[in-house]
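Asks: Here's a structure for you.
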Amino acid sequence: ETTMEGELPELLKIVEKAQEICVEEGAVRVLSFVKIDYSPKGVTMYEKTYKYR
């Protein structure tokens, strides 16, 4: 898993670019599984990963 922090439109652009690169490198199909943790107060990467440190 990869954890990213930021505004949703920017994060989705990163996912899209990753898929494009896979296709450019020869992939005939790309599956991306994305989990979104949203809170009106905000969620930090630290809050999501502290238990693994």
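In terms of the working numbering, the sequence shown opens at residue -17 and continues consecutively. Virtual Cβ for every residue (Gly too), placed ideally from N, Cα, C. None of the values given here were measured: they were computed from a predicted structure.
#1: Grouping DSSP H, G and I as helix and E and B as strand, with all else coil, what is residue 27?
#2: Which residue marks the beginning of the alpha helix (DSSP H) containing residue -7, and which one marks its end?
#3: Closest to residue -11 by C-alpha separation, out of 22, 12 and 10, would be which residue?
#4: Could you check the C-alpha separation between residue -8 and residue 35 for me, to the nearest Å?
Replies: So, from the listed chains and residues:
#1: helix
#2: -10 to 6
#3: 22
#4: Rounded to whole angstroms, residue -8 to residue 35 spans 26 angstroms at the Cα level.
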